[in-house]
Amino acid sequence: MTAFFFLFGLIFGSFFNVVGLRVPERKLFSEERSYCPHCHKPLQWYELIPVFSWLVLRGKCSGCRQPISPMYPGMELFSGSFFALSFWFHGWSPLLIYALLLGALTHILIVSDIKYMVLPTPIILFFLAAFVGYFFVAPPDPLWSPIAGGLLGAGMTALVILVSKGGMGGGDLKLFGLLGVVMGVKVLLLTFFLSALLGALVGGVLLITKVISRKQPIPFGPFILISACIAHFSGTMIIDWYLGSF
2 MTAFFFLFGL IFGSFFNVVG LRVPERKLFS EERSYCPHCH KPLQWYELIP VFSWLVLRGK
62 CSGCRQPISP MYPGMELFSG SFFALSFWFH GWSPLLIYAL LLGALTHILI VSDIKYMVLP
122 TPIILFFLAA FVGYFFVAPP DPLWSPIAGG LLGAGMTALV ILVSKGGMGG GDLKLFGLLG
182 VVMGVKVLLL TFFLSALLGA LVGGVLLITK VISRKQPIPF GPFILISACI AHFSGTMIID
242 WYLGSF
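Under this note's numbering, read the sequence shown as residues 2 to 247, first letter to last.
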């Protein structure tokens, strides 16, 4: 079943790529087929097989031979691995639904933020509704946790935006508000800390290696989302270790 969930994640990962790329351009429900972004050649079904097609084509369009971004197979592998890990970790329990929703949210928003530096509001609202629906299946404990987490997530981010004069954006505020509703106060605080740590480490490496310049903006959404995934699977262990060490 774990292998099945890996394949399941690969297939859905291909769809998540489409959602992340099309929603910011308001083309999600367009009947237009997927095409090469360079020569606009429509892609055939055998060019859309997750990961496999990219490998067979050697990462290049079959028409113009321009490179196809490794983000596509990389994110498909992310969803495959995340879905498999979610089933291995939670089995057939309500938390499996929670984890799969978190994985889908992470995939879609990372694609959007990397491509356009945008965290689309419609995606955030859709997943807010989806997680509220999940709470009817598995009510949070305590019941006020989503409200407190949402207020804290949005409030902390608003404070950072004010103090840093734009160091974070409105999309980050909405995302932290959503994650606060979804995760509750304790796990949200861990996610906030981990995202700042990851952002500082990766940003520092990119600056040292001159991949980016000092004033060049980089998307912060991926750091938030990856931190949320880490906190979901390992949050209790990390928090217990921290409280036991200090």
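Yeah, the Cβ is synthetic: ideal placement off N, Cα and C, and Gly gets one too.
Inset, instruction - Output yes or no for whether 7 Å exceeds the beta carbon distance between Ala130 and Pro95. - result: Result no, Cβ atoms of Ala130 and Pro95 do not sit closer than 7 Å.
Inset, instruction - Between the Cα of Trp89 and those of Trp145, Ser70, Phe5, Asn18, spot the shortest distance and give me the residue it belongs to. - result: Nearest to Trp89 by C-alpha distance, out of Trp145, Ser70, Phe5, Asn18, is Phe5.
Inset, instruction - Taking 8 Å as the threshold, find out whether the stretch 169-188 comes into contact with the stretch 204-217 through three or more Cβ pairs. - result: Output reads no: the stretch 204-217 does not touch the stretch 169-188.
Legend entry - Sequence-distant residues of its chain with Cβ nearer than 7 Å to Val119 (five each side left out): So the qualifying residues of the chain are Pro25, Ser113, Gly172.
Inset, instruction - Tell whether a beta-carbon distance below 7 Å holds between Trp55 and Pro43. - result: Not closer than 7 Å, so no.
Legend entry - According to DSSP, residues forming a beta bridge with Tyr135: DSSP output for Tyr135 lists no bridge partner at all.
Inset, instruction - For Thr158, count neighbouring C-beta atoms within 10 Å of its own C-beta (all shown protein chains included) and say buried if the count is 16 or more, exposed if not. - result: Buried, because 16 or more other Cβ atoms sit within 10 Å of the Cβ of Thr158.
Legend entry - Expected contact under 8 Å - CB spacing of Gly170 and Gly154 to nearest Å: So it is not a contact: roughly 14 Å between Cβ atoms.
Legend entry - Contact under 7 Å by Cβ, Leu11 with Gly81: The Cβ atoms of Leu11 and Gly81 sit closer than 7 Å to each other.
Legend entry - Outcome for Glu33 when other beta-carbon atoms lying within 10 angstroms are tallied against a minimum of 16: Note on Glu33: under 16 other CB atoms within 10 angstroms of its CB, so exposed under the neighbour-count rule.
Inset, instruction - Go to His267, then tell me how far its alpha helix (DSSP H) extends in each direction, as first and last residue. - result: Because the chain spans 2 through 247 in this model, residue 267 falls outside it and cannot be assessed.
Inset, instruction - Could you give the DSSP three-state label for Pro121: helix, strand or coil? - result: Coil.
Legend entry - Straight-line Cα distance separating Leu110 from Trp93: Approximately 26 Å between the Cα atoms of the pair.
Inset, instruction - Note down, in chain order, each residue of its chain lying with its Cβ closer than 6 Å to the Cβ of Ala232, except the 5 sequence neighbours on either side. - result: Within the same chain, and ignoring the five residues on either side of Ala232 in sequence, the residues whose Cβ sits closer than 6 Å to its Cβ are Val188, Leu191, Thr192.
Inset, instruction - Return the chain-ordered list of same chain residues with a C-beta closer than 8 Å to the C-beta of Lys61, the five sequence neighbours on each side being excluded. - result: These residues qualify, in order along the chain: Gln67, Pro68, Ile69.
Legend entry - Proximity below 7 Å, CB of Ser87 to CB of Leu102: Between Ser87 and Leu102, the CB-CB gap reaches or exceeds 7 Å.
Legend entry - Top-ranked residue by Cα proximity to Asn18, from His39, Val164, Phe79, Phe53: Distance from the Cα of Asn18 is smallest, within the candidate group His39, Val164, Phe79, Phe53, for Phe79.
Inset, instruction - Verify whether the separation of the beta carbon atoms of Gly204 and Gly181 is less than 7 Å. - result: Their beta carbons are not under 7 Å apart, which means Gly204 does not touch Gly181 by this criterion.
Legend entry - Beta-carbon proximity check, Phe224 vs Gly200, cutoff 7 Å: Cβ atoms of Phe224 and Gly200: closer than 7 Å.
Inset, instruction - Determine which residues share a DSSP beta bridge with Tyr36 and list them. - result: Pro43, per the DSSP bridge assignment.
Inset, instruction - Please state whether DSSP places Lys166 in a helix, a strand or coil. - result: Correct three-state label for Lys166: coil.
Legend entry - Minimum C-alpha distance to Phe7 - residue among Glu77, Phe128, Val161, Leu244: Comparing alpha-carbon positions, the option among Glu77, Phe128, Val161, Leu244 lying closest to Phe7 turns out to be Glu77.
Inset, instruction - Answer yes or no: do Tyr99 and Tyr47 have a C-beta to C-beta separation smaller than 7 Å? - result: Not in contact: Tyr99 and Tyr47 (Cβ atoms no closer than 7 Å).
Inset, instruction - State yes or no: is the C-beta of Thr107 within less than 7 Å of the C-beta of Leu226? - result: For the 7 Å CB-CB criterion, Thr107 and Leu226 form a contact.
Inset, instruction - Would you list the residues sitting across from Pro147 in a DSSP beta bridge? - result: Partner(s): none; Pro147 has no beta bridge.
Legend entry - Buried versus exposed, by CB contacts within 10 Å (16 or more), Cys40: The residue is exposed, with fewer than 16 neighbouring Cβ atoms inside 10 Å.
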